[in-house]
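So in this note's numbering, spot 390 of the sequence shown is number 384, and the numbers just go up one at a time.
Accompanying notes for the structure given below.
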Amino acid sequence: MKGFLNACGKKLSIDLLDKYNDLISGEKGKEELYNKLSENFNHYLKKRYENPASSKELDLYAINEYLIKNIDDLIKPYYIADGIKEKTILRNVLLKSSYNAVKADMPAKKEGVYAYLKSFLEVYESFLISKIKELTEQYPDMERIAFVYALELFFLSVDQEVNEAVETIDILKELAGLYPENERIALEYASGLACLSARQELNGATITVDKIKGLTEKYPENKKIALEYASGLFNLSTKQQLYEVSDSVDKLRKLTEQYPENADFALEYAKGLVILINHQEENETAETVDILKELTRRYPESGTIAIEYAIALVNYSANQETNEIAEAVDKLKKLTEKYPETERIFLSYAIGLGNLSIHQEVNEAAETVDKLKELTERYPENAKFAAEYARGLAILSDGQELIEAAETVDKIKKLTGQYSKNVKIASKYARGLANLSYKQALNGLLKTVDKLKKLTEKYPGNYEIDSGYANGLVNLSEKQKLSDAVKTVEKIKKLVEQYPKSDKIYFSYLVGLDILSSKKK
């Protein structure tokens, strides 16, 4: 528990530490905590058995006993952790160990463990905060205790729903008002506001970010509070329209100029610029991308700023002419050479290559797809690379002759087997099969359409896969006799009923009807 009390970086007096330990770990404190946990368990148990839909497989007695037994070893370390990153790691350890304790190896059991653990932690946290608050009220001059209280209030707000977090942050506001000279408490208040702004709708986030702005004016020399303001401005920009985004990003620019030595401000500015690009006209976008290029040059040690530049290059180039996409891909390749350990930049490069392949002739596209293959082999654990490779292969198959296209589609099939849980890859396989069906004679086409049907069954309700199936059915109906073609077009009609707002599938149906009409003549 000493680590918790030393979170502010200074030791409390031994006398005060003893009083705190009495409140939390003394016999009276333990008895109060266990009574609250017992009440929660009984309430949870009753609620569970009143709900017929809840799983009865989980042994609630066992998981409750495990958590009670491990309060000192697993629960306390989570609450005395210094920072969100460490808390996240410890929370994952707690969750996994809880799964193992009751052999929660099925999704329903894991959901049950997670739900009860969440309930247990809420009770423990509420008790902990009430005791810190009690100590703060007993010793109002002890700012270090107040800071510990502020710290826990911040962590509490991060885990809460928005409405609850607003109430918790209001308590932080009161605490900051009680200790106006304590900038550490003010910082926790600013941090809570910044985190809240990420989860609020536009109106609420606007008010919240204005509150952080007020804190920067009250503590003009505090860079950390200013950085929370920058974080809030970025959060706000993700919810705004063009003219509002421009204003938020301009404020981020000014903060970056105010703190030129701090790359964290530049990163928030860079992230805001990427949001701005999504709202701009083409003639404005190029200038914004250039600003990101300059930020990358100015902060060469920041791989995260380089990532934002890479994302901007991809977003900007996606709808450009072939030569401009090629130029962007070349810049992305140079970024991968400059930041060889930054996986996210390589992913942007992969996306850029995929975009480029759309505009290339078959031979050039084949070379581009080979580069995507190399990237997939470099990052075999990241299915996003495989998805880009699958996309490139599907695009390539569209321009190839039958034999080559069949070989290309087989490569997507292998990827689908390798990454069976990735629906995006499966959808590219469907696209490749649809492309192949256009080139095939009846016997081969029947097999291809059967593969498409099996994909729709394996990944039910996926529009891209079902759309590929519709395309395959259209191509099949064209090669069939009238009686068979009627049955095939009827299958497309069922897809239209499944996706009544899909112009793409409806168009396939219209083409199918036109084919039937021509066969009847």
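All C-beta atoms, glycine included, are put in the ideal place defined by N, C-alpha and C.
For clarity, every value in this text was computed on a predicted model and none was experimentally measured.
In angstroms with no decimal places, state the Cα-to-Cα distance between residue i and residue j.
{"i": "Ile299", "j": "Ile65", "result": "41 Å"}
{"i": "Tyr223", "j": "Ile206", "result": "5 Å"}
{"i": "Leu122", "j": "Leu27", "result": "9 Å"}
{"i": "Glu361", "j": "Glu80", "result": "44 Å"}
{"i": "Leu507", "j": "Lys245", "result": "57 Å"}
{"i": "Ser124", "j": "Phe228", "result": "34 Å"}
{"i": "Glu211", "j": "Ala192", "result": "22 Å"}
{"i": "Ala184", "j": "Ile219", "result": "6 Å"}
{"i": "Lys415", "j": "Gly348", "result": "21 Å"}
{"i": "Leu230", "j": "Leu510", "result": "54 Å"}
{"i": "Ala47", "j": "Tyr493", "result": "Confidence in Ala47 is poor, its pLDDT being 48 and thus under 50, which makes the residue's placement unreliable; the coordinate value appears in the next sentence. Taking the straight line joining both Cα atoms gives about 31 Å."}
{"i": "Asp67", "j": "Leu166", "result": "29 Å"}
{"i": "Ala320", "j": "Ser242", "result": "32 Å"}
{"i": "Leu369", "j": "Gln314", "result": "24 Å"}
{"i": "Ala400", "j": "Leu446", "result": "14 Å"}
{"i": "Leu439", "j": "Gln474", "result": "10 Å"}
Given a cut-off of 8 Å on the beta-carbon distance, is the pair residue i and residue j in contact?
{"i": "Ala384", "j": "Tyr423", "result": "yes"}
{"i": "Ala92", "j": "Tyr118", "result": "Reading the sequence as shown, one finds Ser at residue 92 and not Ala. No, Cβ-Cβ distance for Ser92 and Tyr118 is not below 8 Å."}
{"i": "Gly393", "j": "Val356", "result": "yes"}
{"i": "Ser391", "j": "Leu449", "result": "no"}
{"i": "Phe114", "j": "Asn34", "result": "yes"}
{"i": "Thr232", "j": "Ile269", "result": "yes"}
{"i": "Leu261", "j": "Val283", "result": "no"}
{"i": "Leu52", "j": "Val107", "result": "yes"}
{"i": "Ala304", "j": "Leu326", "result": "yes"}
{"i": "Val323", "j": "Leu286", "result": "no"}
{"i": "Glu146", "j": "Ile126", "result": "yes"}
{"i": "Lys217", "j": "Tyr263", "result": "no"}
{"i": "Ile419", "j": "Ala377", "result": "yes"}
{"i": "Ile179", "j": "Ala188", "result": "no"}
{"i": "Ala359", "j": "Tyr413", "result": "no"}
Using the beta-carbon count (16 or more within 10 Å), is residue i buried or exposed?
{"i": "Lys70", "result": "buried"}
{"i": "Val87", "result": "exposed"}
{"i": "Ala102", "result": "exposed"}
{"i": "Tyr55", "result": "exposed"}
{"i": "Glu491", "result": "exposed"}
{"i": "Gln524", "result": "There is no way to answer for residue 524, as the model of the chain reaches only from -5 to 515."}
{"i": "Asn157", "result": "exposed"}
{"i": "Thr82", "result": "exposed"}
{"i": "Gly186", "result": "buried"}
{"i": "Gln354", "result": "buried"}
{"i": "Ser120", "result": "exposed"}
{"i": "Gly208", "result": "exposed"}
{"i": "Tyr237", "result": "exposed"}
{"i": "Ala428", "result": "buried"}
{"i": "Thr316", "result": "exposed"}
{"i": "Leu(-1)", "result": "Residue confidence is low: Leu(-1) scores 34 on pLDDT, short of 50, so the model does not pin down where it sits. No coordinate-derived value is stated."}
Which same chain residues, not among the five before or five after residue i, have their C-beta less than 6 Å away from its C-beta?
{"i": "Leu249", "result": "Ala224 and Phe259"}
{"i": "Ala388", "result": "Lys422, Arg425 and Gly426"}
{"i": "Ala464", "result": "Ile486, Leu489, Ile499 and Ser502"}
{"i": "Leu476", "result": "Lys513"}
{"i": "Asp497", "result": "none"}
{"i": "Gly226", "result": "Ala188, Ser191, Val203 and Ile206"}
Within a Cβ cutoff of 8 Å, which residues of the same chain sit near residue i, ignoring the five residues on either side of it in sequence?
{"i": "Asp12", "result": "Residue confidence is low: Asp12 scores 49 on pLDDT, short of 50, so the model does not pin down where it sits. No coordinate-derived value is stated."}
{"i": "Leu546", "result": "Within the shown structure, residues of the chain are numbered from -5 to 515, placing residue 546 beyond reach of any answer."}
Note down, in chain order, each residue of its chain lying with its Cβ closer than 7 Å to the Cβ of residue i, except the 5 sequence neighbours on either side.
{"i": "Ile301", "result": "Thr336, Arg338 and Ile339"}
{"i": "Leu366", "result": "Ala344, Leu347, Gly348, Glu382, Tyr383 and Gly386"}
{"i": "Asn456", "result": "Val417 and Ser421"}
{"i": "Tyr453", "result": "Val417, Ala420 and Ile459"}
{"i": "Leu39", "result": "Leu54"}
For the region 432 to 444 against the region 463 to 472, do three or more pairs of beta-carbon atoms, one drawn from each stretch, fall closer than 8 Å, so that the two count as touching? yes
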